[in-house]
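First comes the structure, then the notes that go with it.
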Ligand code: KE4
């Protein structure tokens, strides 16, 4: 295998001089996996190449957006054409913004009006603001281990990078914000009912990743999401589905289609930008009509609806709308998940493979992972070794136990077979390592 990461190390040392932690988003620093980050020079299809010339099968996909794979010819061609014929953006309405809003509305009928922003964080932050305006209430209920971006109201017992670097509730968040954010355990309706019976009239919104990916992938237990819908309706609170990760990831209409739940507001991101900066929030007309300039709730953005991001997103969704795409994505994911389960069983290694659509997480634990606490019980040392071993075998996984891996339409059967073969080796090494420690 003989991989060297020397050039990445040099670039990382240089980056550290100018950028906090050498990266522009914490999870990219590889803190949880005992390795300096790799500097990437290109991607093509299911593959990444780093500055040292190493090639990897990529399961991060820019953290979800690249469901078609890297450098899809239709996405690149459409961007090249727009740049050549139109430019980079105008700070004025363009037709492509309406086209993307229309296709989103077709896939997510609950999103009667859609506003584009530049990130998932902006989407959830804006959705909270309009929910507070609509209800005249202040408190928000979220779930431990769910991550909704880095704005103050929701950076409380958050998942994703906050969990990875161990500050699930970040310094710098004013106590007043934290006081207005209530957290419950995901999948625990009893807790939610208890909170609402105490202060239901003060709660503006419940925000939830319907299928969390930011503590690793965790599935909602039967009745949980339905219960949230019933309780929020009973108390007049806004139900916000954060589908930044699940939107267009698992099926054409997102988790709300799979579970047949109509949220009041939905947040999207990642895939709808085809790899360019994007976010969106939208929902019931009577709520979204509060958003400026239609209504008094102010929200704005210089590059919101940027036509390049809209173009990449539109082409990506057009490809996803083609017959058979989700069958292929989900079949690939189930093949991979089953292969990993069998490899771990052969090695005598207890793992939990949680998957939803084309996102999955291999938890190093023998107990089912159904919420934040059970996710935290996973063996992060084992995950660190897994990550490093897979990297040496040419497989680029999410650099944290508390993240999702993503399968794309570009992953071939050979990619999946090679990944499973690499995991067989890695699991044996981990088992031997654990055995030697006893
Ligand atoms: P962004 O602001 O990073 O575009 O989106 C925030 C966000 C909101 N909601 C959900 C469900 C999300 O998963 C995210 C962002 N996801 C992480 C990956 N776990 C982005 C990776 C990163 O932070 O670098």
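In my numbering, the protein residues as written are 21 to 458.
By construction, the Cβ of each residue, glycine as well, lies at the ideal position given by its N, Cα and C atoms.
Predicted, not measured: the structure shown is a model, and the values here were computed from it.
**Asked** What's the gap between the Cα of residue 173 and the Cα of residue 256?
**Response** Residue 173 and residue 256: Cα-Cα distance of roughly 20 Å.
**Request:** Identify whether residue 69 lies in helix, strand or coil by the three-state DSSP scheme.
**Result:** Note: residue 69 maps to strand in three-state DSSP.
**Item:** Boundaries (first-last residue) of the alpha helix (DSSP H) holding residue 224
**Value:** Careful: residue 224 lies outside any alpha helix (DSSP H), inside the beta strand (DSSP E) at 223 to 228.
**Request:** Output the boundary residues of the beta strand (DSSP E) element that contains residue 374.
**Result:** In this chain, the beta strand (DSSP E) harbouring residue 374 covers 372 to 376.
**Message:** Is any non-hydrogen atom of the ligand KE4 found closer than 7 Å to the C-beta of residue 405, if you look at the structure I gave you?
**Reply:** Relative to the ligand KE4, the beta carbon of residue 405 is positioned no closer than 7 Å to any heavy atom.
**Request:** Mind checking who residue 202 pairs with in its DSSP beta bridge?
**Result:** Residue 202 has 161 as its beta-bridge partners, per DSSP.
**Asked** Bridge partners of residue 416, per DSSP?
**Response** Partner residues in the beta bridge of residue 416, as assigned by DSSP, are 78.
**Request:** Below 8 Å on the Cβ atoms is my guess for residue 416 versus residue 79; work out the distance and round it to an integer in Å.
**Result:** Rounded, the Cβ-Cβ distance is 6 Å, consistent with contact.
**Message:** Using a Cβ-Cβ cutoff of less than 8 Å, which residues in the same chain neighbour residue 241 once the five nearest sequence positions on both sides are dropped?
**Reply:** Closer than 8 Å at the Cβ level, and outside the excluded window around residue 241, lie 207 and 390.
**Asked** How would you call residue 440, buried or exposed, if buried means at least 16 neighbouring beta carbons within 10 angstroms?
**Response** Label assigned to residue 440: buried.
**Message:** At the 8 Å Cβ level, is residue 401 part of the contact set with chain D, yes or no?
**Reply:** Although the question refers to chain D, the structure presented lacks it and comprises just one protein chain.
**Asked** Within 10 angstroms of its Cβ, does residue 243 collect 16 or more other Cβ (buried), or is it exposed?
**Response** A residue is called buried once 16 or more other Cβ atoms fall within 10 Å of its Cβ, and residue 243, having fewer, is exposed.
**Asked** Do you know offhand how far residue 166's Cα is from residue 230's?
**Response** About 10 Å.
**Request:** Measure the Cβ-Cβ separation of residue 132 and residue 308 and say whether it is below 8 Å.
**Result:** Residue 308 sits close to residue 132, with the two beta carbons spaced by under 8 Å.
**Request:** Return the first residue and the last residue of the alpha helix (DSSP H) that residue 459 is part of.
**Result:** Residue 459 is absent from the structure shown; the chain starts at 21 and stops at 458.
**Request:** Can you have a look at residue 74 and say buried or exposed, based on whether 16 or more other CB atoms are within 10 angstroms of its CB?
**Result:** With 16 or more Cβ atoms within 10 Å of its Cβ, residue 74 is classed as buried.
**Reference residue 384, options 402, 368 and 455, closest by Cα** = For residue 384, the closest of 402, 368 and 455 by C-alpha to C-alpha distance is 402.
**Request:** Please state whether DSSP places residue 60 in a helix, a strand or coil.
**Result:** The answer is strand: DSSP assigns residue 60 an E or B state.
**Request:** State buried or exposed for residue 374, treating a residue as buried only when at least 16 other CB atoms are found within 10 Å of its CB.
**Result:** So residue 374 ends up on the buried side.
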